[in-house]
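This report concerns only the one structure given below.
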Amino acid sequence: MESSVAVCPKRMQYGPCGGVEFDGRCEVAEHACVFLDTPTVRWAGGPVSPGAPAVPSVPEPGSDMRGLLRQRQIVVADLPARALSSASIEAVGGILRGTVDAVLAGDSGAERVQFSPAYRASLVQRAGLRVWTGLNCRDRNRVALEGELAALADAGVAAVHCVTGDHTDTGSRPDAQPVFDLDSTRLAALAREAGHLVSVAESPCAPPVSRRAARLAEKAKAGAEVCFVNHAGGAAPVAAFIREAQDHGAALAFLPCVPVVVDAASARLLESFTTLVLPPGYLGRILRARDPFAEGVAAAVELSQELLALHGVRGVNLSGGAGPDGAERFAEALAAIGTELAPTIAT
Ligand code: SF4
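Residues 849 to 1195 (our numbering) make up the sequence shown, in order.
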């Protein structure tokens, strides 16, 4: 019988990925996810890439954000800038500066071709924002990832968010060959070895639901310190997931995702996320409102406050994105949410 790694289209050792369909099918192949019926893969320990050179000596990356997380809860916002546009990063940076603690510059299903992570990070920093850089295993082998991690450390990014990444068969560039030399768990270990504050994602609603918390605990053993909890349908399911993860020994800072929708285009973009579960009535409340922008901001603030009240939650991630021409308007929504949340942030 073939191993899970050989059959998984992402060649994952520490599967499953977050893209398992609700009925258990693989994100990309015509079979069930190969990790559905296998025990949770335990973190093996040891260096991920023994041949990797030592990272050049730089001021400890992530130290500023580690301190901030100890001090108070934080607000992170997805970077809504257009791909391959330094002018767009500068424009949305000007809107977001001073309203959120960092922006997550991560993977995008709509725009597979992006500036390289380290270059994009430097543009975000130049715009006056802390950058929480997303890094995926789809587009780079381990040597290229080691180079990016060294560059991100040298640039002094706030943190690195390690994901396996959606397969190239989904999204806008199915002509590209996927790499998947590593997966999110091993990338988390590599990033931690490079000195970064490391975050990972986990999807409480993706099958196998009963083993998602245990999988997260293995990512924590590998080096993750922060977990972005993907959209799970509201505060109660997030609270249950955090309790379960803590029972498995995952002593992480949790940043649940808050869906941000302010118009039909941002709703469409959010709906493209894998295994998306929203609170009941959330989208309808916004899209049927007389002023969807104001209603979307109000809904996100309310949900954020519910999530920030949960034990173990150290912040929220304002999650979503704009349609093709809406980056700056979407940034205004993120800024308004961040500004409204600021007085309620707990230490
Ligand atoms: S759903 Fe993800 S982890 Fe499971 S087999 Fe497919 S690619 Fe691999």
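For each residue, glycine too, the CB sits at the ideal point set by N, CA and C.
Keep in mind the model is a prediction, meaning the values are calculated, not measured.
Burial state of residue i (16 or more Cβ within 10 Å)
i            : result
residue 1097 : exposed
residue 1259 : Only positions 849 to 1195 of the chain appear in the structure, and residue 1259 is not among them; the question remains open.
residue 1157 : exposed
residue 987  : buried
residue 858  : buried
residue 1014 : buried
residue 1044 : buried
residue 878  : exposed
residue 1151 : buried
residue 1196 : This structure does not reach residue 1196, given that the chain is present from 849 up to 1195, and the question cannot be answered.
residue 1195 : exposed
residue 1099 : exposed
residue 955  : buried
Spatial neighbours of residue i in its chain, beta-carbon cut-off 6 Å, leaving aside the 5 residues before and after
i            : result
residue 1183 : 943, 944 and 947
residue 1030 : 985 and 990
residue 1020 : 960
residue 876  : 857, 1015 and 1017
residue 950  : 924, 978, 980 and 1006
residue 1063 : 888
residue 1141 : 1110
Where residue i sits in the DSSP three-state scheme
i            : result
residue 1023 : coil
residue 997  : helix
residue 841  : With the chain running from 849 to 1195 in the structure shown, residue 841 is simply not present.
residue 1104 : strand
residue 873  : strand
residue 961  : coil
residue 1089 : helix
residue 1033 : helix
residue 1074 : strand
residue 1192 : helix
residue 851  : coil
residue 880  : strand
residue 982  : strand
residue 1117 : helix
residue 953  : strand
residue 1047 : strand
residue 1062 : helix
residue 1007 : strand
residue 792  : Here the chain comprises residues numbered 849 to 1195, so residue 792 is not present and cannot be evaluated.
Cβ neighbours of residue i in the same chain (closer than 7 Å, five flanking residues each side left out)
i            : result
residue 1105 : 1076, 1077, 1078, 1079, 1165 and 1167
Whole beta strand (DSSP E) runs in the stretch 1135 to 1186 with 3 or more residues, listed along the chain?
1163 to 1167
For the stretch 910 to 919 against the stretch 927 to 942, do three or more pairs of beta-carbon atoms, one drawn from each stretch, fall closer than 8 Å, so that the two count as touching?
Counting Cβ pairs under 8 Å, fewer than three are found: no touch.
Examine the Cβ distances between the stretch 860 to 870 and the stretch 1038 to 1057 and report whether three or more of them are shorter than 8 Å.
As far as the Cβ criterion goes, the stretch 860 to 870 touches the stretch 1038 to 1057, which means the pair count is three or higher.
Scan the stretch 911 to 949 and note each continuous beta strand (DSSP E) run of 3 residues or more that stays entirely inside, going in chain order.
With a minimum length of 3 residues, the continuous beta strand (DSSP E) runs that stay inside the stretch 911 to 949 are 922 to 926.
With a threshold of 8 Å, are at least 3 pairs of Cβ atoms found where one atom belongs to the stretch 1076 to 1083 and the other to the stretch 892 to 900?
Contact fails between the stretch 1076 to 1083 and the stretch 892 to 900, because fewer than three Cβ pairs, one in each stretch, are under 8 Å apart.
Decide if the stretch 1126 to 1140 is in contact with the stretch 1175 to 1190; the criterion is three or more beta carbon pairs, one per stretch, under 8 Å apart.
no
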